[in-house]
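Reviewing the structure listed below.
Chains as they are written, first to last, in our numbering: chain X, 1 to 509; chain W, 1001 to 1268.
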């Protein structure tokens, strides 16, 4: 009944379909010929596209793309028309928005106290790649210069601010001399060249921004996109500024009661058998001296989606970056992380947790560059894999010549819950300095039988014992370095529920 | 079928545990060759014996460890055939094993673990679960029995990084929280210094009651100075070669196991 009121899907104006390579070509033609685009934006895009042209699309031989199912991505047929950047399409009908809004209420529902503390909680919502101002709560404060906005909105309201964010990024990039193809991620560059929307988060010097900034990438099962979505996320923290950001991809059905559109997204997309279009997100993080950023990325948008995230960060003197990637569902998720520790005492904590089932796959290529003396990095990636799921950790720590006093650790632990589950693990170190403390390691195992029996002997049922041990395996990733806030609490609760409902129910270990 | 009320009756009058002609082993290797023990309410039985005599196998069989197999005989607990129950059901019905080597479980908070175990038992008994605050009160009380630091309870994962003595005290704490009908202490004294031994023993003593029974498996007589057994059984080559009272333990300490192993066993 409700479905009959759905607006018809926008049909592509050109009925032809193309492969990704051709799509890129035509889209660039269109962008390059856009006379309305200001020079600062054009040059940003051009620079990214030139670098993409130099490296080309990846092949399975590229170290960072090993084992990734590139074939499916390259051969996908795409409707050939490219939606111009910052196009503000009319929002869907009110029933759709109201349904989503209701469904969103359940996401990260905060307790009353936390709500009081943070009277205003910025939230930027993208539905099927399109920014929804109706569902979002953005902000631009004249008083202290904080910006939390979509790219499209900021482009309209304050292009000068947008331009300054891009140019400060450019300044960082130019400090690097080796921006060669080895360091380039083709899809990240394409995203920079083509980004149609995204977010700009600008926290000025000396500002502790307390509320957790939420960025939600919502997929609705009824409206499968016919083209890839390119989203850019610019995050800039000034000197001694701090912020917490939560990025979440999720699948919501606006026409389903909230209870069933819950965290378990499995059922939502079962009907959408055909591979959906990739969502590409490029995140450019710039942390000035003594800035402090916590960013949690939760990938949990059902079974048929393909998300390619790339996070590139410049970390300044005594600044710290704290990234957590949690992958709970999604056909093929990839989060490539490239971190440059640019100045003394810069530190980065990169943690990851995959809790996967069915044939979901998650890929985590990371590059951590210790470029100067006395920088610190720590990586802890854990995966819990049931059924035919797959996880890959391909991490490299690169210690530059003269970067003495570097402390770097890298650990990848995997728990395989079925005989079909698969893990690739490659923790790597490339050290050109003499006086460093670096460690790397990996473990792959199963649930410990002694621990299980110990729990049975204390009256824990088989399923309760397994749940507890699986959760315990994940525990340190979710607690280490995590701020004690609502975002962390709800992430923990979500992972716990996912383990209980999806992982355990799916598979008798 | 035994109803709840007759359960209670069984606890007060009939034996808690009857082990009859128990044969058991691991990986097709026979370790126990016909053991019989009866534990009545209020009794403490000590099982002594040299290495490899089958002491630990007996405790593993009682709690249903999957690696150990009963090949003949029977074990009756509160009037019911124990072999039909899974390990977790045995625990819920009141059997508790204090492990010789308590297992570390990183990532599981000790106090939370104790509460979950306690509440599982409450649910099994049809009683109400305790919320974290009420349980913390109960736990504080119980922790005094074994002089356990609050830090080990609230800040640490189960047994993770605990010293040998702390692990054993944690076992006795679990026993205090779960209030078993039958407690099996598997070499609880091993690896304990004198102070820890005293603390553990006084914890165990305070848990003795006319309603429960205990089996204390040990190498040495030392623990029995602190926990006085009603019966002492000497196990060798999978058989009980001598049973007696606490005097037997003293004799063993003096003369060594060879004393019994070398003489023909008298009729039990």
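Ideal placement from N, C-alpha and C gives every residue a C-beta, glycine not left out.
These numbers come from a predicted model, not from an experiment.
Residue 206/X, buried or exposed, once every other Cβ within 10 Å from all chains shown has been counted against 16: exposed
Environment of residue 170/X [buried if 16+ CB atoms lie within 10 Å]: exposed
Closer than 8 Å to chain X by CB, residue 1121/W: yes
Inter-residue spacing [alpha-carbon to alpha-carbon] between residue 1024/W and residue 1032/W: 5 Å
Buried or exposed (CB count within 10 angstroms, at least 16 for buried), residue 1204/W: buried
DSSP-derived helix/strand/coil call for residue 355/X: strand
Three-state secondary structure (DSSP) of residue 69/X: coil
Residues, ordered as in the chain, of the stretch 392–418 of chain X that lie near chain W by beta-carbon distance below 9 Å: none
Neighbour list for residue 1175/W in chain X, Cβ cutoff strictly below 7 Å: Going along chain X, no residue has its Cβ under 7 Å from residue 1175/W, so there is no contact; the nearest lies around 10 Å.
Buried or exposed by the 16-neighbour rule on C-beta atoms within 10 Å, applied to residue 120/X: exposed
Assigned exposure category for residue 1213/W - 16 Cβ within 10 Å defines buried: buried
CB contact check: residue 475/X to chain W, cutoff 8 Å: yes
Where the alpha helix (DSSP H) containing residue 43/X begins and where it ends: 39–55
Beta strand (DSSP E) segments (min. 3 residues) lying fully within the stretch 367–412 of chain X: 376–385, 390–399
Same chain, Cβ closer than 7 Å to residue 1059/W, five either side skipped, listed in chain order: 1097, 1184, 1186, 1217
Assumed close pair residue 427/X, residue 395/X - CB separation to whole angstroms, cut-off 8 Å: 5 Å
Contained beta strand (DSSP E) runs [length at least 3] in the stretch 161–239 of chain X, N- to C-terminal order: 197–203, 213–219, 229–237
Contact set for residue 414/X: own chain, Cβ-Cβ below 6 Å, skip 5 residues either direction: 383, 423, 444
Boundaries of the beta strand (DSSP E) in which residue 1048/W is found, first to last residue: 1044–1048
Neighbour flag for residue 1269/W against chain X, beta carbons, 8 Å: In the structure as shown, chain W starts at 1001 and stops at 1268, and residue 1269/W therefore has no counterpart that could be examined.
With 16 other Cβ atoms within 10 Å as the buried cut-off, status of residue 515/X: Lying before the first or after the last residue shown, residue 515/X is absent from chain X, which here runs from 1 to 509.
Nearest neighbour of residue 500/X, chosen from 483/X, 465/X, 489/X [CA to CA]: 465/X
Residue 25/X classed as buried or exposed, judged by whether at least 16 other C-beta atoms fall within 10 angstroms: exposed
Minimum Cβ-Cβ distance from residue 352/X to chain W less than 8 Å: no
Residue 1235/W at chain X interface by Cβ criterion, 8 Å: no
The stretch 1161–1171 of chain W contacting the stretch 1131–1140 of chain W, beta-carbon criterion three pairs below 8 Å: no
Distance CB(residue 122/X)-CB(residue 211/X) smaller than 8 Å: yes
Assigned secondary structure, residue 327/X (DSSP; H/G/I helix, E/B strand, else coil): strand
Members of the stretch 454–467 of chain X near chain W, C-beta cut-off 9 Å: 454, 455, 456, 457, 458, 459, 460, 461, 462, 464, 465
Cα-Cα separation between residue 1159/W and residue 1110/W, rounded to whole angstroms: 7 Å
Beta-carbon neighbours of residue 1105/W, restricted to chain X and to distances below 9 Å: 448, 451, 454, 455, 468, 469, 472
Three-state secondary structure assigned by DSSP to residue 347/X: strand
Alpha-carbon spacing of residue 341/X relative to residue 315/X, whole angstroms: 5 Å
Beta-carbon proximity list for residue 1174/W, same chain, < 8 Å, skipping 5 on both sides: 1096, 1098, 1114, 1117
CB contact flag (residue 1022/W, residue 1073/W, <8 Å): yes
Contacts around residue 326/X, its chain only, beta-carbon distance under 6 Å, and the 5 residues preceding and following it disregarded: 298, 353
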